[in-house]
Structures are given as C-alpha cells and as structure tokens.
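In the numbering used here, the protein residues as written are 666 to 877.
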C-alpha cells in the first residue's frame, strides 16, 4: 500500500491537498464576505496557500493519534493549535518580509490583529470535520495510488513545491528591498525585478501591507 499510516508520503500529499483546498476556500470566502475576487495564494506559481498546507499536514501529524477522541477534545485542541499556528505565521512573515498578510484588528477579541477568537473557533471546527469525516476519505484515495507512480509523483511535487517556495521567498524579499530603495546588484535580483515586479506581486498578494 502506498502512503500507509501517517508517514512522509501521506504528509506530502496532505500538504498539497491542504494548500490547494485552503486557497480555494479562502478565495470563495473573500468573494462573499468582501464582494470581489482576490488572490489568497502564498506562492507565485499556482493556487497554493502554504499556511493551510502546513496547518493540515502538521495538524494531522499532531492529532493523528487522537483522531478517535471526542469532538469536544478535538475542537479545543484544534482551537488552541490553530490560534498558536496562525499567530506564529503572522510574526514570522512580518519578520522575514516586513509585511502583514492579514490584519484582524477590526474583529472583536483579537490579539494584536494577528488572531481572533472567532477564527480560532473556525480552526477547532475544521479539526473536527477534517479528522472525523474528511481525512478518512482523503487517506483512502491517496493510498489507492500505485506505489511506483505515487513515489515518483511525490518527489516531483516535493521538488516543485520547494522551488515554488524558494522563488516566492526571494520575490518577497526583493520586494522589501525595492521598497527600501535597494537597486538590483546581480542577475537574480534583476530577474526578480523583471518577472515579479511590485505590480505582479500586488495581484498575487493583494492583502499584503508593509510594516515599514
């Protein structure tokens, strides 16, 4: 059986699935809550939200052995983990890129605008729905992939996502440098300026706000 249990291969595909579904869900949510379409992708290539991808993969690993516990246990555990995770992502993205990608300051019971109680409850609900209903189905579909095909596809996806994250990271760092008035000093920075200008990044990350 391919990707049995909750090992490396299963986690990789959970990350990809979470990244894709998270981007779709957030995009639809923003459309109905704000009245217009906007990109919610974390990466420059494709509709992937790595915040959701890591959340789904890491959350599944951490809660896997507790998947048969009560709904209330999973809800409380998921609420705490989700809130802590989202807060950490907000801090790290601000430190790394000098940008804030979400701000909950106008929502009641928020903590520094990084998290709020309502969305923490959403994390808890998502943990229950995922582990009790969605994960068993997703796991079965992943495990049906032929072993050789699954192994090759997994490593292709790993290489693609690593490159995608690396280019996205460099593009955001270069964006911060341009904002600070730093001129391109090498071929990499020149290529980033050409292909990932501020206009391009504004489309990919429309909600990003500089902290400088």
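Positions of the beta carbon are idealized from the N, C-alpha and C atoms, including for glycine. Quantities reported herein were computed from a predicted structural model and do not represent experimental measurements.
Task: For residue 810, three-class secondary structure by DSSP - done: Of the three classes helix, strand and coil, the one that applies to residue 810 here is coil, per DSSP.
Open item on the list: Please state whether the Cβ-Cβ distance between residue 779 and residue 752 is less than 8 Å.
Closed with: Closer than 8 Å, so yes.
- [ ] Would you check if the distance between the CB atom of residue 743 and the CB atom of residue 788 is smaller than 8 Å?
- [x] It is a contact, given that the beta carbons lie within the stated cut-off.
TODO: May I have the straight-line CA-CA distance separating residue 793 from residue 747, to the nearest angstrom?
DONE: One C-alpha to the other measures close to 12 Å.
Open item on the list: Counting beta carbon pairs with one atom in the segment 668-683 and one in the segment 696-709, are three or more of them shorter than 8 Å?
Closed with: The segment 696-709 vs the segment 668-683: no contact.
Task: Under 8 Å between C-beta atoms of residue 861 and residue 726 - done: No.
- [ ] Could you name the residues of the same chain whose beta carbon sits closer than 7 Å to that of residue 786, not counting the 5 residues immediately before and after it, in chain order?
- [x] So the list reads 744, once near-sequence residues are dropped.
Task: Per-residue DSSP class, three states only, for residue 741 - done: For residue 741, the secondary structure class from DSSP, reduced to helix, strand or coil, is helix.
Open item on the list: Taking the alpha helix (DSSP H) that residue 688 belongs to, which residues open and close that run?
Closed with: Counting along the chain, the unbroken alpha helix (DSSP H) around residue 688 starts and ends at 673-699.
- [ ] Confirm, please, whether the CB-CB distance from residue 736 to residue 797 is below 8 Å.
- [x] Their beta carbons are under 8 Å apart, which means residue 797 touches residue 736 by this criterion.
- [ ] Pair every Cβ in the segment 831-841 with every Cβ in the segment 808-819, then say whether three or more of these pairs are closer than 8 Å.
- [x] Taking one beta carbon from each stretch, the segment 831-841 and the segment 808-819 have fewer than 3 pairs nearer than 8 Å; the two do not touch.
- [ ] Within the same chain, show all residues whose beta-carbon is closer than 7 Å to that of residue 666, passing over the 5 residues directly before and after it, in chain order.
- [x] Excluding residues within five positions, the ones whose Cβ falls inside 7 Å are 808.
Task: Burial state of residue 828, where buried means 16 or more other Cβ atoms lie within 10 Å - done: With a 10 Å radius around the Cβ and a threshold of 16 neighbouring Cβ atoms, residue 828 comes out exposed.
- [ ] Determine, using beta carbons only, whether residue 717 and residue 755 come nearer to each other than 8 Å.
- [x] Between residue 717 and residue 755, the CB-CB gap reaches or exceeds 8 Å.
TODO: Could you pull out every unbroken alpha helix (DSSP H) segment of at least 4 residues lying fully inside the segment 733-785, listed in chain order?
DONE: Whole alpha helix (DSSP H) segments, 4+ residues: 736-762.
Open item on the list: On the criterion of 16 or more Cβ atoms from any shown chain inside 10 Å, does residue 867 qualify as buried, or is it exposed?
Closed with: When all chains shown are included, residue 867 counts as exposed.
TODO: Look up residue 875 in the DSSP assignment and give the residues it is bridged to.
DONE: BP columns for residue 875 point to 764.
Open item on the list: I believe residue 790 touches residue 740 by the beta-carbon criterion, under 8 Å. Please report the beta-carbon distance rounded to the nearest angstrom.
Closed with: That belief holds up - the Cβ atoms of residue 790 and residue 740 are roughly 7 Å apart, short of 8 Å.
Task: Run of the alpha helix (DSSP H) containing residue 666, from where it starts to where it stops - done: Per DSSP, residue 666 is not a residue of any alpha helix (DSSP H), being assigned neither H nor E.
Open item on the list: If you follow the alpha helix (DSSP H) that residue 796 is in, where does it begin and where does it stop?
Closed with: Counting along the chain, residue 796 sits inside no alpha helix (DSSP H), nor does DSSP assign it H or E at all.
Open item on the list: Between which two residues does the alpha helix (DSSP H) holding residue 708 run?
Closed with: Bounds of any alpha helix (DSSP H) do not take in residue 708, whose DSSP letter is neither H nor E.
Task: Option in 776, 724 and 695 with minimal Cα separation from residue 676 - done: For the residues 776, 724 and 695, the minimum Cα distance to residue 676 belongs to 724.
TODO: Report all residues from its chain with a CB closer than 7 Å to the CB of residue 869; omit the five preceding and five following residues, and keep chain order.
DONE: Sequence-distant Cβ neighbours of residue 869 in its own chain, meaning closer than 7 Å and more than five residues away, are 704, 706 and 709.
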